[in-house]
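0 is the number of the first residue of the sequence shown in numbering that gives the first Met the number 0; add one for each residue after it. Beta carbons: idealized from backbone N, C-alpha and C, even for Gly. None of these values were measured; they are calculated from a predicted model. Below is one structure, written out as structure tokens; the observations come after it.
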Amino acid sequence: MALDKRYEVLALASGVLFIDMIGYGIVVPILPLYASTLGATTTEIGFLFASYSLVFLFALLPLCHFVDKYGKKRLIVLGMFLLGISSLFYAFTTSLFLLTISRMLQGFSASLTWAAALPLASQVTTEDKRGLEMGIISMAIGLGSILGPVIGGLGSFHAPFYFLALVTFGLGLLCLFSLEEPEEVKKHKEYVKLKENIIRLLEINEVQCSCLGVVFCWFFWGMLEVLFPLYLQAGSYPRFVIGILFGVSGIAFVLFQPVAGIFSDRVGRTLPILLGLLFLALLAPIPFHLITLTYLLVSMAFLGLVSAFIYAPTLSLIGDAVPEEDQGIAYGLNTWMFSVSYIVGPWLAGILADVFSLQTPFYVCSMVMIIGSVILLKIGRKIKQSII
0 MALDKRYEVL ALASGVLFID MIGYGIVVPI LPLYASTLGA TTTEIGFLFA
50 SYSLVFLFAL LPLCHFVDKY GKKRLIVLGM FLLGISSLFY AFTTSLFLLT
100 ISRMLQGFSA SLTWAAALPL ASQVTTEDKR GLEMGIISMA IGLGSILGPV
150 IGGLGSFHAP FYFLALVTFG LGLLCLFSLE EPEEVKKHKE YVKLKENIIR
200 LLEINEVQCS CLGVVFCWFF WGMLEVLFPL YLQAGSYPRF VIGILFGVSG
250 IAFVLFQPVA GIFSDRVGRT LPILLGLLFL ALLAPIPFHL ITLTYLLVSM
300 AFLGLVSAFI YAPTLSLIGD AVPEEDQGIA YGLNTWMFSV SYIVGPWLAG
350 ILADVFSLQT PFYVCSMVMI IGSVILLKIG RKIKQSII
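Below is the structure:
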């Protein structure tokens, strides 16, 4: 494939993931507050958030197996159109049940997008520039996570979803008529059973560390996205400020990913993940003991920074250890673990907050991350490039 065509595919894949992350982030300052106006308890709000990941969990790996065999364009286009439809459902729904259906449809659209876009981007990069070109994907994901909550804090409850539907349908049409898969990506691969492939990949220490880092990091963020808006609302902070606070964490997350990547190149991939988890365990409960906006902004920035040091090396671990022909399902497995954490985190947060307080889930989260750090340390010592 010609160089300009490769960059066109990379740009479209980046745009698709960028819009998907905007769609995910838009709901953060809206959904907990809107669901509470419909009479939802914190447990029900936790399930509402977790329903996205529940669908994502069951759909992603079979779809990753599908795209490795039959191509990626059709899933990307379908994912964009379903995201647009789910956005309209959000805008018009007036019941908790329909809100949950909208959330589940969004989760399925995301599984289509992530199953296809990330491995497609990886396969059209050139070996000598793969780090730089995959960095564009990471930046797109990060920027989407920044802008999503900010957009979600603007206007009425419904306006951000109208905007998202318009942009998503437009990008879906652009992919339908402009996205061209390279011939080498279209080639039919030798059939390998999905279960056998997953078991083989999970035996790789680098994949184990990558998945553990993702699980424990996003377990925390799943909890925070459910309960922190409710805490801020109780403190009389408007929805716009809630969006800004999550946007600040996203900015820190994006800005420090290159730093985390360089650090992992020098000291190994597992040490930054380990240090990040320990610092995140220390910081997790702090935002729920702060009142002033300045301190809240600083705490959210630190949470984004620490998360960057956990997340950035997880993708590199897979690139280091997994052959190119298996990276599609390996990245899918990594994203699948993200989905698991986003089911357990919001669900557990809602239950603990109902029984105890909004702060309690984050003390539990800190203990879980400390345990996770010990497990990561034991596995990380088996990796040759690790210094721990």
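TODO: Classify HIS64 as buried or exposed, calling it buried when 16 or more other Cβ atoms lie within 10 Å of its own Cβ.
DONE: Reading the sequence shown from its first residue, position 65 is the one you call residue 64. HIS64 is classed as buried because its beta carbon has at least 16 other beta carbons within 10 Å across all chains shown.
TODO: Assess, as a yes-or-no matter, whether the stretch 162–176 is touched by the stretch 269–289 under the definition of 3 or more beta carbon pairs within less than 8 Å.
DONE: Per the Cβ contact rule, the stretch 269–289 is not in contact with the stretch 162–176 (fewer than 3 Cβ pairs under 8 Å).
- [ ] For PHE301, collect the residues of the same chain with a Cβ closer than 7 Å to its Cβ; drop the 5 residues on either side in sequence, then sort them by chain order.
- [x] On the sequence shown, position 302 is the one that residue 301 refers to. The residues are LEU282.
TODO: Could you give the DSSP three-state label for GLY152: helix, strand or coil?
DONE: Numbered from its first residue, the sequence shown carries residue 152 at position 153. Per DSSP, reduced to three states, the secondary structure at GLY152 is coil, with no helix or strand assignment.
Task: Stretch-stretch touch, CB-based, cutoff 8 Å, three pairs: the stretch 203–214 with the stretch 303–318 - done: Taking 8 Å as the limit for Cβ pairs, the verdict is that the stretch 303–318 does touch the stretch 203–214.
Open item on the list: Helix, strand or coil for LEU32? Go by DSSP, reduced to three states.
Closed with: Within the sequence shown, residue 32 is the residue found at index 33, counting from 1. Of the three classes helix, strand and coil, the one that applies to LEU32 here is helix, per DSSP.
Task: Distance, MET103 Cα to TYR23 Cα - done: The residue labelled residue 23 in the question sits at position 24 within the sequence shown. The residue labelled residue 103 in the question sits at position 104 within the sequence shown. TYR23 and MET103: Cα-Cα distance of roughly 12 Å.
Open item on the list: I'd like to know whether the C-beta atoms of PHE107 and ALA58 end up nearer to each other than 8 Å.
Closed with: Stepping through the sequence shown from its first residue, residue 107 is reached at position 108. Stepping through the sequence shown from its first residue, residue 58 is reached at position 59. Cβ atoms of PHE107 and ALA58: closer than 8 Å.
Open item on the list: So, with DSSP's three-state summary, where would you put ARG380?
Closed with: For the purposes of this step, residue 380 is identified with residue 381 of the sequence shown, where counting begins at 1. In the three-state DSSP reduction, ARG380 falls in the coil class, being neither helix nor strand.
Open item on the list: So, for LEU304: in the same chain, excluding its five sequence neighbours on each side, which residues have a beta-carbon less than 7 Å away from its beta-carbon?
Closed with: Translated into the one-based positions of the sequence shown, residue 304 becomes position 305. Residues of the same chain with a CB within less than 7 Å of the CB of LEU304, apart from the 5 flanking positions on each side, are ALA251 and PHE255 in chain order.
Task: Cβ contact check for the stretch 23–36 and the stretch 73–82: 3 or more pairs under 8 Å - done: They do not touch, by the three-pair rule.
- [ ] Return the chain-ordered list of same chain residues with a C-beta closer than 8 Å to the C-beta of TRP217, the five sequence neighbours on each side being excluded.
- [x] On the sequence shown, residue 217 is found 218 positions in, with the first residue counted as 1. In its chain, beyond the 5 residues on either side, PHE337, SER340, TYR341 and GLY344 have a beta carbon closer than 8 Å to the beta carbon of TRP217.
Open item on the list: Quick check: PHE162 and MET368, are their CB atoms within less than 8 Å of each other?
Closed with: To locate residue 162, count along the sequence shown from 1; it is residue 163. To locate residue 368, count along the sequence shown from 1; it is residue 369. No. Outside cutoff.
TODO: Would you mind stating whether ALA115 and ILE140 have Cβ atoms separated by less than 8 Å?
DONE: On the sequence shown, position 116 is the one that residue 115 refers to. On the sequence shown, position 141 is the one that residue 140 refers to. Judged by beta-carbon spacing, ILE140 lies beyond the 8 Å limit of ALA115, meaning their Cβ atoms are not closer than that value.
- [ ] Under the assumption that ILE18 contacts ILE150 (Cβ atoms under 8 Å), give the Cβ distance between them as a whole number of angstroms.
- [x] Stepping through the sequence shown from its first residue, residue 18 is reached at position 19. Stepping through the sequence shown from its first residue, residue 150 is reached at position 151. Not quite, the Cβ-Cβ distance comes to about 11 Å (not below 8 Å), so this is no contact.
Task: Nearest to GLY395 (by Cα), restricted to the options TRP113, VAL166, ILE285 and THR42 - done: Because the chain is modelled from 0 through 387, residue 395 falls outside the range shown and cannot be assessed.
TODO: Could you have a look at SER356 and say whether DSSP puts it in helix, strand or coil?
DONE: On the sequence shown, position 357 is the one that residue 356 refers to. Coil at SER356, not helix or strand.
TODO: Check whether the Cβ atoms of LEU351 and THR359 sit closer than 8 Å, and answer yes or no.
DONE: As a working mapping, residue 351 is identified with position 352 in the sequence shown. As a working mapping, residue 359 is identified with position 360 in the sequence shown. Closer than 8 Å, so yes.
Open item on the list: Can you look up LYS194 in the DSSP assignment and give me helix, strand or coil?
Closed with: Start at 1 with the first residue of the sequence shown, and residue 194 comes out as number 195. In this structure, DSSP gives LYS194 a helical state, which the three-state scheme calls helix.
- [ ] Quick one: grab the DSSP three-state call for LYS186.
- [x] Walking along the sequence shown from the start, residue 186 turns up at place 187. Residue confidence for LYS186 is low, a pLDDT of 47 falling below 50, so the modelled location carries little weight; the figure read from the coordinates is stated next. LYS186 falls in the coil class under three-state DSSP.
Task: Test item: CB-CB of ILE328 and LEU200 under 8 Å - done: Taking the sequence shown and counting its residues from 1, one reaches residue 328 at position 329. Taking the sequence shown and counting its residues from 1, one reaches residue 200 at position 201. A Cβ-Cβ contact shorter than 8 Å links ILE328 with LEU200.
Task: Neighbourhood of LYS381 by C-beta distance below 7 Å, restricted to the same chain and skipping five residues each side - done: As a first step, residue 381 is located in the sequence shown; it is residue number 382 there, counting from the start. Non-local beta-carbon contacts of LYS381 in its own chain, meaning distances under 7 Å to residues more than five positions away in sequence, involve ASN204 in chain order.
Task: The alpha helix (DSSP H) enclosing SER298, as first and last residue numbers - done: On the sequence shown, residue 298 is found 299 positions in, with the first residue counted as 1. For SER298, the enclosing alpha helix (DSSP H) covers residues 292–320.
Task: 8 Å Cβ cutoff met for ARG268 and ASP319 - done: The residue you call residue 268 lines up with position 269 of the sequence shown. The residue you call residue 319 lines up with position 320 of the sequence shown. A contact, by the Cβ cut-off of 8 Å.
Open item on the list: What would DSSP say about HIS157, mapped onto helix, strand or coil?
Closed with: In the sequence shown, residue 157 corresponds to position 158, counting from 1. In the structure shown, HIS157 adopts coil according to DSSP, grouped into three states.
Task: Proximal residues to LEU178 (C-beta, below 6 Å), its chain only, five neighbours per side dropped - done: In the sequence shown, counting from the first residue as 1, residue 178 sits at position 179. For LEU178, where only same-chain residues beyond five positions count, the Cβ hits under 6 Å are LEU11 and LYS72.
Open item on the list: By the three-class DSSP mapping on this structure, what secondary structure does ILE234 have?
Closed with: Against the sequence shown, residue 234 aligns to sequence position 235. Note that residue 234 corresponds to Gly in the displayed sequence, not to Ile. In the structure shown, GLY234 sits in coil (DSSP, three-state: anything other than H, G, I, E or B).
Open item on the list: Please tell me whether, using a cut-off of 7 Å, the distance from the CB of ILE369 to the nearest non-hydrogen atom of the ligand NAD is below it.
Closed with: Absence of the ligand NAD from the depicted structure is noted, as is the absence of any ligand whatsoever, leaving it without description.
Open item on the list: At the level of alpha carbons, what is the spacing between SER235 and ILE261?
Closed with: Position 236 of the sequence shown, counted from the start, is the residue given in the question as residue 235. Position 262 of the sequence shown, counted from the start, is the residue given in the question as residue 261. Distance from the CA atom of SER235 to the CA atom of ILE261, rounded to whole angstroms, is 41 Å.
Task: Three-way DSSP call (helix, strand, coil) for ARG265 in this model - done: The residue labelled residue 265 in the question sits at position 266 within the sequence shown. DSSP, reduced to helix, strand and coil, places ARG265 within a helical segment of the structure shown.
Open item on the list: Just to confirm, is the Cβ distance from GLY212 to LEU16 under 8 Å?
Closed with: Against the sequence shown, residue 212 aligns to sequence position 213. Against the sequence shown, residue 16 aligns to sequence position 17. With contacts defined by Cβ atoms closer than 8 Å, GLY212 and LEU16 do not form a contacting pair.
Task: Euclidean distance between Cα positions of SER393 and ALA307 - done: Any property of residue 393 remains undetermined from this structure, which presents the chain solely from 0 to 387.
Task: Presumed contact (8 Å Cβ cut-off) between GLY349 and ILE44, rounded CB distance - done: What you label residue 349 is simply residue 350 of the sequence shown in a count that begins at 1. What you label residue 44 is simply residue 45 of the sequence shown in a count that begins at 1. About 6 Å separates the two Cβ atoms, so the contact holds.
Open item on the list: Looking only at its chain, what residues have a beta carbon closer than 6 Å to the beta carbon of LEU119, apart from the 5 residues adjacent to it on each side?
Closed with: Here residue 119 is taken as the residue at index 120 of the sequence shown, counted from 1. Excluding its 5 nearest sequence neighbours in each direction, LEU119 has C-beta neighbours in its own chain below 6 Å: ALA12 and LYS71, listed in chain order.
Task: Beta-carbon proximity list for PRO284, same chain, < 7 Å, skipping 5 on both sides - done: Taking the sequence shown and counting its residues from 1, the one referred to as residue 284 is at position 285. Correct list, in chain order: GLN358, PHE361, TYR362 and SER365.
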